[in-house]
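In this note's numbering, the protein residues as written are 2 to 197.
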């Protein structure tokens, strides 16, 4: 099992780190074709107080999100949420149907750049290519889930040979993103810098 990990410092607040790992796991009964696993954590102190995040995302071999486990520990206690999506694009939130998310292909956990690896790897955009994706955007620390349309545009490789993208959504605007060869973010304009 190949494991790729990264540590990011938050740029938009004074106290925030995120850590993530991307790995593949071999076929089993539940995932006969194998799957990709994204495991992440974050520790933050911001306007909402101090909180920590722990999450896992299981994606199929085509990088489509299948299961998401998230927990947040904040001053007011521990909260958990589980999202699942079937092959028809039907989502559930803690076991209840969540039709607002029908057809979303990815999850985007707001407190980490790790989940950007899902559309980056799934889309495999050529230089100059552009694609829109609908995602289940999970706000942290509130754990509110919303449907968001995101746009990825592939730019040229930078001087280090790393892929560049422009990411845009209607709420937060447009950001430059640089990723390594396995799709992990190296720099996310104004939000994250990889430090390890």
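From the three backbone atoms N, C-alpha and C, an ideal C-beta is built for every residue, glycine too. In this text, all values refer to a predicted model and were calculated from it rather than measured experimentally.
For residue 14, tell me which candidate among 25, 44, 116, 197 has the shortest Cα-Cα distance.
Taking the chain shown and counting its residues from 1, the one referred to as residue 14 is at position 13. The residue with the shortest Cα to Cα distance from residue 14 is 44.
Using only the alpha-carbon positions, how far apart do residue 80 and residue 74 sit?
As a first step, residue 80 is located in the chain shown; it is residue number 79 there, counting from the start. As a first step, residue 74 is located in the chain shown; it is residue number 73 there, counting from the start. Rounded to whole angstroms, residue 80 to residue 74 spans 7 Å at the Cα level.
Just to confirm before moving on: does the CB-CB distance between residue 171 and residue 165 stay below 8 Å?
For the purposes of this step, residue 171 is taken as the residue at position 170 of the chain shown. For the purposes of this step, residue 165 is taken as the residue at position 164 of the chain shown. Cβ atoms of residue 171 and residue 165: not closer than 8 Å.
The beta strand (DSSP E) with residue 194 in it runs from where to where?
If you number the chain shown from 1, residue 194 lands on position 193. Looking at the DSSP string, the run of the beta strand (DSSP E) that includes residue 194 is 193-195.
Below 8 Å CB to CB, which residues in the same chain sit around residue 175 once its five sequence neighbours on both sides are set aside?
Within the chain shown, numbered from 1, the residue matching residue 175 stands at position 174. Once the five neighbours on either side are set aside, the close Cβ partners of residue 175 are 167, 168, 169.
By the three-class DSSP mapping on this structure, what secondary structure does residue 98 have?
The residue labelled residue 98 in the question sits at position 97 within the chain shown. If DSSP states are grouped into helix, strand and coil, residue 98 belongs with the strands.
So for residue 177, helix, strand or coil by DSSP?
As a position in the chain shown, residue 177 is number 176, starting the count at 1. Residue 177 falls in the strand class under three-state DSSP.
Going by DSSP, what residue range makes up the alpha helix (DSSP H) through residue 124?
Here residue 124 corresponds to residue number 123 of the chain shown, with the count starting at 1. Residue 124 -> alpha helix (DSSP H) spans 118-124.
By the DSSP assignment, the beta strand (DSSP E) with residue 57 in it spans what residues?
One-based indexing of the chain shown puts residue 57 at position 56. In the DSSP annotation of this structure, the continuous segment of the beta strand (DSSP E) that includes residue 57 starts and ends at 50-60.
How about the region 139-151 and the region 123-130: do they share at least three Cβ pairs that are nearer than 8 Å?
no
If you measure between the beta carbons of residue 193 and residue 10, is that distance less than 8 Å?
Position 192 of the chain shown, counting from 1, holds the residue named residue 193. Position 9 of the chain shown, counting from 1, holds the residue named residue 10. Yes, the Cβ-Cβ distance between residue 193 and residue 10 is below 8 Å.
Pick out whichever of 109, 184, 144, 163 has its Cα sitting closest to the Cα of residue 150.
For the purposes of this step, residue 150 is taken as residue 149 along the chain shown, with counting starting at 1. The option with the nearest alpha carbon to residue 150 is 109.
Are residue 99 and residue 106 closer than 8 Å when you measure CB to CB?
Within the chain shown, residue 99 is the residue found at index 98, counting from 1. Within the chain shown, residue 106 is the residue found at index 105, counting from 1. No, the pair does not count as a contact, with Cβ atoms beyond the cut-off.
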